[in-house]
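In the numbering used here, the protein residues as written are 804 to 977.
1. Report the option in 864, 909 and 893 whose CA atom is closest to the CA atom of residue 885.
2. Looking only at its own chain, which residues have a Cβ that is under 7 Å from the Cβ of residue 898, when we skip the five neighbours before and after it?
3. Between 934, 807, 829 and 823, which lies nearest to residue 879 when the distance is taken from Cα to Cα?
4. Determine the direct distance from the alpha carbon of residue 883 to that of residue 833, and round the result to whole angstroms.
5. Using 8 Å as the threshold, is the C-beta distance between residue 978 and residue 944 below it?
6. Assign residue 834 to one of three DSSP states: helix, strand, or coil.
7. Kindly indicate which three-state DSSP category residue 896 falls into: helix, strand or coil?
8. Taking all protein chains shown into account, do 16 or more other C-beta atoms lie within 10 angstroms of the C-beta of residue 763, making it buried, or fewer, making it exposed?
9. Here's the rule I'm using: 16 or more other beta-carbon atoms within 10 Å means buried, otherwise exposed. How should residue 968 be labelled?
10. Can you tell which of 903, 959, 865 and 939 has the C-alpha that lies nearest to the C-alpha of residue 831?
Here is the structure:
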């Protein structure tokens, strides 16, 4: 998979982090600089796009969302803030064992409005919900969306909340 970016959309430290594979939150990438553009190749052969997954088991769905949040946290530990890249359902990939989430780094355009974390998460959860057919799984997504919309929850608090929901789902036999 390849994309072309204007040179100033990707920062030098990001190129270094991505090309050396220092941040496991993102798909491995290689960069070729030509004129005023970066030609970026994403290596996604060991990963499955989220849009191709069966997301109907509530426990697995919550587990995937938890892994997504942990990947976002890992990216921030490498100074790649959540408002530096887009977060679309087509840009979220899972390893074949479902133990890792990798994101496709697609930097936001400088003049794009910065979206708050909770708003960005609500948007992606609404998109994920469109892929889910199981009613109970949709209800858990709605609970997370409600929590993001109506409380001032931190990222760590959201990860803990999803952990609580996973325990509930497990006790219910999923």
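Virtual Cβ for every residue (Gly too), placed ideally from N, Cα, C.
Here's the rundown:
1. With distances taken between Cα atoms, residue 885 lies closest to 909.
2. Closer than 7 Å at Cβ, skipping near neighbours: 849 and 850.
3. Of 934, 807, 829 and 823, the residue nearest in Cα terms is 829.
4. The alpha-carbon atoms of residue 833 and residue 883 are separated by roughly 17 Å.
5. As displayed, the chain neither begins before 804 nor continues past 977, which places residue 978 out of reach and without an answer.
6. In the structure shown, residue 834 adopts extended strand secondary structure according to DSSP, grouped into three states.
7. Here residue 896 carries a strand assignment [DSSP, helix/strand/coil].
8. The structure shown has nothing for residue 763, since the chain only spans 804 to 977.
9. Buried, by the Cβ-count rule.
10. It is 903 whose Cα lies nearest to the Cα of residue 831.
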